[in-house]
Structures are given as C-alpha cells and as structure tokens.
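Beneath this line is the structure, given in structure tokens, with notes to follow.
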Amino acid sequence: MPLITVSDLTLGYESKIIIRNLSFKVERGDYLYIVGENGSGKTTLIKTLLKLQPPVSGKIEYEDGLTRKGIGYLPQQSNIQKDFPATVWEIVLSGRQKKRGLRPFYSSEDRKVANECIRRMELESLIKSSYRDLSGGQQQRVLLARALCTEGDLLILDEPVSGLDPVIMEEMYALVESLNRDGITVVMISHDIAAATRYASHIIHIGEKLFFGTRDEYLNSDTSKWSSAK
Amino acid sequence: MIKTLFEYLQYPFVQKALIVGVLIALCSALLGVTLVLKRFSFIGDGLSHVAFGAMAIATVLNLVDNMVIILPITVLCAVLLLRTGQNTKIKGDAAVAMISVGALAFGYLIMNVFSTSSNLSGDVCSTLFGSQSILTLSASDVWICISLSVAVILFFVFFYNKIFAVTFDESFSKASGIRVGVYNTLIAITTAVIIVLAMNLVGSLLISALIIFPSLSAMRVCKSFKMVTVMSAVLSVICAMTGLIVSILAGTPVGSTIVAADAAAFAVCLVIGRIKA
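Chains as they are written, first to last, in my numbering: chain A, 43 to 272; chain B, 18 to 294.
Structural data, given as structure tokens:
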C-alpha cells in the first residue's frame, strides 16, 4: 500500500477553488517535488496532507504505519522565528512533542533521539547557540533536525531552500537527498524546477494544467516545456 | 534608612503588599515572554483598558466585590481578541485598538455620569495609575492573589514545553497534534487573570509595562528560552520589590515607581546586550 493515496482532491475555500481534481500517490522511498507559481496552492496542498486544513472534496488515504508514527514537517519560516531566543537544542527537542501527547516533560529517549538528529544535521558545535544568531542555512538545518525528530517515514518540506545563497542551497539539497537515500520518503515544495528535474523521483506541477508523474514523464511532457519556455 | 525599612517590614500591610507584589510580578513576567514573542503584547495593553472599563462598571454599581464583574468581562474580551486576531474582516491590531479605546472611553463616561463620588478625577486617576490600594489589601485579597498565582505558575510549569512549541512554531505544533487553539485560549485567559490581579498593584495603564519590560530585558542578554523565562521572572520580582520599598520609603506612587525600576533594568540589560554582541 502506498504511504499516501490522494484521489480527486479539490482544494481551496468555499468561494475560491485553487486546485481541482488532483490525484497522486506517494510510495515509500519516493522523492516528490511539488512545483508551481506563487499562490498556486502548493502550501495549501501540503497543509491538507498534514490534516491542518480540510479539503473541499476528494479523499486522502494514509498507510497505517504513517498515521501512527507521524510526519516530519518543515514549515516556512515565520517572522516570529527570526529573532527568537531559543537554543538549537530546545528547538530540536520540541520536535518530540508528537511523542509526548499530554505528558509534560521529555524522557531520556526523547533526548537521545534529539541528539542523534543534531548529529545527523552536523549541528553539534551549535547545540547551545541561539537560533537568532545562526545563518539562514544553519536555521534551516535546525528545523530539518526538528522534523527528523518525529522519526516518521515521511518528511514534508515547505521551501527549505528559499532565501539561501546558491552554495548553501546545494548543501541543503545534498542533505535532503542523503536522507532520501537512507529510506526516508520526501515531499518537497520548491520554486526551483531545475532542482526538481535533478533530484525528484516524481513531480507534481500545479498551475493552469495539473501534472503528476515521474521525473522522466515530466521532462517529456508539455507542462515542463511550457514552464521552461516561459 | 535601613532601620526605617525594617520598621516598616513589621507592619502586616507592608508584608501583604510585598507578597502580592512579588507574586504578580512573577506571573506577569512568565506570561510576558510568550506574549512578547508571539507578538501579542498589544493584547495585554488592550485588556488592561477593558479591565478599567469593567472596574468603572463595578464602581458605579457599588459592588463590594468588584472581581465578580471585572474578571469575567476581561476573560471574555481576551478570548474574543484572540479569535479576531485569527480570521475576521477587522484585523487583529485594529480590533484591539478599537476595544481598548472604547472600553477606556466607556469606563470614564459611566463613571462621570453615574458616580456619586465627590472626587471623580481622583478615582479615575487611581484606577488608571494605581492607587495606594496595594497598601490596604485585605486578607482575602491576598489569598485570592496567592491561589490564582499558584494556578498560573502551575499551568506554566506543567505546560512549559507545549508553550514553547506553540510560541516558536504554530504550524509545526499543529502538525504534531498539539491543539494550538486550546493553548492560545488558555494563554489569553491566564493573561486576563494576571491583568486583573495586577490592576491592584500598578493600575490598569501600567500593567503592560509589568508584562513587557522584564521579558524584553531578559531577551537582550539571554540566549535560550529557558534562561529568558527564568531571568525575566527574577528581574521582574527584583524590580517589583525595589519599586515597592522605594515607594514606601520615599512616598512615591507605587505603580509608577515599579515601572520606573523595570525601565531602568531594561536600560541596563540593553547596554549589557550591546557589550556582549
């Protein structure tokens, strides 16, 4: 069974429909890019996948294991976060909230996992640094470490490279790709169609025409020619 | 001078004032950290004006226990303000400005029209800037304050990690299954309770200072959320004590003296923060 099966999904608000009749599947190990213009509904789509927003119509089915373990999520950075006084450790550890339920304090297991995620993202030297003093790339790595802390099989990343300079962007892509090679399924929103055609196994293009398929299908499709011609 | 101070400390009314002062300073500082970081400081300000309006109603009705009116009205407005902040036609900041100015004007209006007091401007002034009412607290005032403060502190300690998660990142917290709306409402209600309590101490206009100053000061010098919280509580308590003692010894108004101490602490922290950076 696929991790997520989406059939005939229509998204938006009562008065305004942004995405109509979208169907796709996310299989274990996939690396799915969601590309499209600003305001096309990319973030709405993943918020619906995360059950933060109800769809107008259509159905989303999750594999049992996914529902139980949860989804690692890296949202877009908010203004509040840019000057937030919190250490890397505090933020990464807060990724364990899903496992806490109503219990108020973290267990030693939580701390162990948080430490592993920090090591995985090569943040050991910054563990006591304040988030607001970090560079953009370091901040994104902290948020990625927090998402990893959910220990789910699926990561959903909302524009993790936006605002980063090209070198750091490449590092981020490499990092996400290495996670995918380790068996974590990745769904990523991006503006960067070039990166999508380089890294993705599957691509969803949201625009006047909806496209879902493998990378090769995308490269041969009208959608990609249309957008690269633009 | 120290001798005079110890003499004063023998008096029960001074002891009560210190207990209540310390507790309120502690609670408002704890909550202030979240409010400032969530960009909700203006809600605290708006609510203090609402509390003034409610107080005016209670005064006009000649209620013995004015808490019965002030607390529910302020809590209700806190919840309403928070909801409007999320999704309505009137945007959050405009709604707060509207409610706070409205409550202020309405409060003064009804006090003016219905008041039987011979010293109206004195009444209004002491409600706004705090009177010496902290020096005339009854034993039951003190107990109400102690129990509400303990409730606030327990709420904060027990939900500390959730509050951090919700403050830092609402979207992520929602996706992790935290009921963000519930916590936001709880935070709003707690804010309302603290504001009503603090009205006795510094008056309704100066309450926001009690909420905002300590956490802003702590943020200049501390790097972690935990240290900001602890430091803000400690600073707030020290400033409240200093302000109270100075005002008793020098005969200055209690509320303004405490706020002046908070502002001085902020200036010191600002300088330390600059030197560190």
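Ideal Cβ placement from N, Cα and C applies to all residues, glycine included. Note that the structure is predicted; figures quoted are calculated from it, not measured.
- If you draw a straight line from the Cα of residue 101(A) to the Cα of residue 177(A), it is about 40 Å long.
- Of the candidates 246(A), 83(A), 134(A), 134(A) places its Cα closest to the Cα of residue 173(A).
- Note on the stretch 55-106 of chain A: whole beta strand (DSSP E) runs with a minimum of 3 residues are 59-68, 73-78, 99-104, in chain order.
- For residue 68(A), the number of other beta carbons within 10 angstroms of its own is at least 16, and it is reported as buried.
- The residues 117, 120, 121, in chain order, have a CB closer than 6 Å to that of residue 66(B) in the same chain once the five nearest residues on each side in sequence are set aside.
- By the 16-neighbour rule on beta-carbons within 10 angstroms, residue 186(B) is buried.
- Within 9 Å of the CB of residue 243(B), the CB atoms of chain A belong to 128, 129, 132, in sequence order along the chain.
- Inter-segment contact for the stretch 250-258 of chain A and the stretch 121-131 of chain B is absent: fewer than three beta-carbon pairs are separated by less than 8 Å.
- Taken through DSSP and simplified to helix, strand or coil, residue 176(B) comes out as coil.
- Closer than 8 Å to the CB of residue 52(B) there is not a single CB belonging to chain A.
- No Cβ-Cβ contact shorter than 8 Å links residue 245(A) with residue 130(A).
- Residue 252(B): member of the alpha helix (DSSP H) spanning 242-267, first to last residue.
- In terms of CA proximity to residue 97(B), 205(B) leads the group 157(B), 283(B), 205(B), 215(B).
- Beta-bridge partners assigned by DSSP to residue 255(A): 245(A).
- A straight-line Cα-Cα distance of about 29 Å links residue 165(A) and residue 197(B).
- The Cβ neighbour count for residue 156(B), taken over all protein chains shown within 10 Å, is under 16; the residue is labelled exposed.
- For residue 189(B), the residues of chain A that pass the 9 Å Cβ criterion are 115, 116, 117, 136, 137, 139, 185, 188, 189, in the order they occur in the chain.
- Taken atom to atom, the span from the alpha-carbon of residue 136(A) to that of residue 155(A) is near 11 Å.
- In the displayed model, residue 130(A) falls within a helix according to three-state DSSP.
- The beta-carbon of residue 122(A) is placed less than 8 Å from the nearest beta-carbon of chain B.
- One finds nothing in chain A with a Cβ atom closer than 8 Å to the Cβ of residue 278(B); even the nearest lies about 23 Å away.
- Annotated as proximal: residue 61(B) and residue 228(B), with beta-carbon spacing under 8 Å.
- By DSSP's assignment, residue 48(A) forms a beta bridge with 66(A), 102(A).
- Between the alpha carbons of residue 43(B) and residue 158(A) lies a gap of roughly 36 Å.
- By the rule that beta-carbons nearer than 8 Å mark a contact, residue 253(A) does not touch chain B.
- According to DSSP, residue pairing for residue 232(A) in a beta bridge involves 77(A).
- Contact with chain A is found for residue 178(B), since one of that chain's Cβ atoms lies less than 8 Å from the residue's Cβ.
- A Cβ-Cβ contact shorter than 8 Å links residue 192(A) with residue 113(A).
- Residue 193(B) belongs to the set of residues whose beta carbon lies under 8 Å from a beta carbon in chain A.
- Look at residue 172(A) here: in three-state DSSP terms it is strand.
- Between residue 268(B) and residue 219(B) a beta carbon distance of about 17 Å is seen, past the 8 Å cut, so the two are scored as non-contacting.
- In this structure, DSSP gives residue 260(A) a helical state, which the three-state scheme calls helix.
- Against chain B, the beta carbon of residue 148(A) has neighbours under 9 Å at 178, listed in chain order.
- Under DSSP, residue 147(B) forms no beta bridge with any residue.
- Residue contact with chain B for residue 197(A): absent (no Cβ-Cβ distance below 8 Å to any residue of chain B).
- With 16 or more neighbouring CB atoms inside 10 Å of its own CB, residue 87(A) falls in the buried class.
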